[in-house]
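In my numbering, the protein residues as written are 6 to 197.
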């Protein structure tokens with residue numbers, strides 16, 4: 006690939022990324038903020054999970070929602086990634102099944118004060134779907150960030166932000182921006 010070809014590829018990628026940012030429905034983000042506020046006010050925890058690049062977003066979410074929103078004026082938002090405890094994740098994957106790596110810890114720790122955020126480009130990963138189904142059965146708020154056609158999560162999560170793009174990189178870039186946008190708002194509001 007020549008330098009000129011690469012330049013065209015870069016321009017095309019960012020054009021499609023900008024189009025994705027413009028196109029997705031923004032209203033559900035207010036619902037996500039409301040869920041986060043509800044959990045913080047109750048002293049609960051937002052549990053977050055995803056696979057691959059979405060796992061990285063889940064872990065990054067902990068930083069942005071915790072340190073990134075801390076304010077002495079408001080209760081803190083406690084966020085725990087179900088991806089980050091590798092010994093537990095691999096023990097469950099080995100002893101039970103990989104499909105249960107997120108739902109099983111929820112059985113141990115989820116309370117009525119909590120919420121679940123699942124991040125999945127396809128919306129069909131069995132382990133995040135199973136976690137969402139478990140949280141729904143426990144009647145806690147469920148939030149899904151999905152891409153592509155939305156998959157099963159689009160139909161079962163109570164609050165859905167759908168980035169209807171068929172490119173993993175662009176979906177993941179956009180999902181990460183959702184957390185940045187919401188948490189930067191929370192931080193600015195907390196210091197106002």
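Idealized CB from N, CA, C, for every residue including glycine.
Check: Once DSSP output is grouped into helix, strand and coil, what is the label at residue 162?; Outcome: coil
Check: Which two residues bound the contiguous beta strand (DSSP E) that contains residue 83?; Outcome: 83-86
Check: Can you tell which of 117, 141, 46, 75 has the C-alpha that lies nearest to the C-alpha of residue 123?; Outcome: 141
Check: Cα separation between residue 146 and residue 92?; Outcome: 27 Å
Check: Is residue 182 helix, strand or coil when you go by DSSP?; Outcome: helix
Check: For the beta strand (DSSP E) containing residue 125, list its first residue and its last residue.; Outcome: 120-125
Check: Which residue's Cα is closest to the Cα of residue 18: 171, 193, 187?; Outcome: 171
Check: How should residue 109 be labelled, buried or exposed, when 16 other C-beta atoms within 10 angstroms of its C-beta is the threshold for buried?; Outcome: buried
Check: On the DSSP bridge assignment, give the partners of residue 149 in chain order.; Outcome: 123, 165
Check: Using alpha carbons as the reference points, say which of 112, 47, 114, 56 lies closest to residue 81.; Outcome: 47
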